Amino acid sequence: MAGNRPDRVAEAIRVELSHLLAKDVHDPGIGFITLTKVSVTPDLQLARVYYTTLGDEQAQKETGKALHRASPFLRRQIAQRVRLRRVPEIEFFYDKSVAQHDRVERILQDLKAEADARPPSPSEQNGDPGTPASETTGGAVGAKPLGMKNDDTKD
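Read in order, the letters of the sequence shown are residues 9 to 163 in the working numbering.
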C-alpha cells in the first residue's frame with residue numbers, strides 16, 4: 009500500500025493547486041492554466057507540476073516565471089491544506105505533450121483532407137478499396153515459395 013502514497017499525495021496537491029491558482033493567486037502573469045499532471049518523488053520531497061497554458065511561446069515563458077514567483081506562497085498554502093509532515097518542494101514544468109498531440113492531430117487531418125481531395129485509384133473504382141492491387145490484377149498465380157519444388161520436377 010506504500011507504493012500508492014506518492015500518487016495520493018500528488019493528486020491531493022493537484023486538486024489544491026488547481027483551486028489556489030483559480031481563486032487565490034492574483035498574478036497577472038498567470039493566464040488561463042491547466043494542470044495536466046503532478047508527480048511526487050517516492051520520498052515525498054519534490055512535486056513536479058506539469059501545466060499547459062494558452063498563448064504563444066512568450067506567454068508560456070511569462071506563465072512559467074509567474075508560477076516560479078508564486079511557488080513559495082503555493083507551498084505554504086498546501087502545507088495548511090494537506091496533512092503532511094513535510095510539504096514537498098514544488099517545481100513547475102510546461103507540458104509539451106499536449107502541443108505535440110495537437111500537432112499530430114493537425115497533420116492527420118491534413119493527410120485525410122489530401123486523401124479525400126485526390127481522385128480514387130483504379131482498384132477503388134472497382135468498388136473494393138481493401139483489395140491489394142496484386143489480387144485485382146492477377147499477381148503471380150501458382151507461384152511457389154522459395155525452396156519448394158514443383159510436382160513436375162524429378163530429383
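The C-beta atom is built at its ideal place from N, Cα and C for all residues, glycine as well. This structure is a prediction, so every number in the text was calculated from the model and none was measured.
Problem - Enclosing alpha helix (DSSP H) for residue 31 [first to last residue] - result: Numbered from 1 along the sequence shown, position 23 holds the residue referred to as residue 31. Segment 13-31, the alpha helix (DSSP H) holding residue 31.
Practice task
Go ahead and pull the three-state DSSP assignment for residue 47.
Solution key: The residue you call residue 47 lines up with position 39 of the sequence shown. Assigned with DSSP and collapsed to three states, residue 47 falls in strand.
Problem - Rounded straight-line distance, which links the Cα of residue 122 to that of residue 114 - result: Taking the first residue of the sequence shown as 1, we reach residue 114 at position 106. Taking the first residue of the sequence shown as 1, we reach residue 122 at position 114. Rounded to whole angstroms, the gap between the alpha carbons of residue 114 and residue 122 is 12 Å.
Handout entry: DSSP-derived helix/strand/coil call for residue 84
Key = Numbered from 1 along the sequence shown, position 76 holds the residue referred to as residue 84. The DSSP-derived three-state label of residue 84 is helix.
Problem - Close-in-space but distant-in-sequence residues of the same chain around residue 45 (CB under 6 Å, 5 per side omitted) - result: The residue you call residue 45 lines up with position 37 of the sequence shown. Excluding sequence positions up to five before and after residue 45, its CB lies within less than 6 Å of the CB of 58, all in the same chain and listed in chain order.
Handout entry: Contact under 8 Å by Cβ, residue 82 with residue 43
Key = Taking the sequence shown and counting its residues from 1, the one referred to as residue 82 is at position 74. Taking the sequence shown and counting its residues from 1, the one referred to as residue 43 is at position 35. The answer is no: Cβ separation not under 8 Å.
Practice task
Can you check DSSP and say which residues form a bridge with residue 71?
Solution key: Stepping through the sequence shown from its first residue, residue 71 is reached at position 63. Paired residue(s): none; residue 71 is not in a bridge.
Problem - Short Cβ contact (8 Å threshold) for residue 61 with residue 55 - result: Residue 61 sits at position 53 when you count from the first residue of the sequence shown. Residue 55 sits at position 47 when you count from the first residue of the sequence shown. One thing to note: residue 61 has its Cβ no nearer than 8 Å to the Cβ of residue 55.
Practice task
Check residue 116 in the structure and name its three-state DSSP category.
Solution key: To locate residue 116, count along the sequence shown from 1; it is residue 108. Looking at residue 116 - three-state DSSP - the assignment turns out to be helix.
Problem - Reduced DSSP secondary structure (H/G/I, E/B, other) of residue 106 - result: As a first step, residue 106 is located in the sequence shown; it is residue number 98 there, counting from the start. In the three-state scheme derived from DSSP, where H, G and I count as helix and E and B as strand, residue 106 is classed as helix.
Problem - C-beta contact flag for residue 72 and residue 100 at 8 Å - result: Translated into positions along the sequence shown, residue 72 becomes position 64. Translated into positions along the sequence shown, residue 100 becomes position 92. For residue 72 and residue 100, yes; Cβs fall inside 8 Å.
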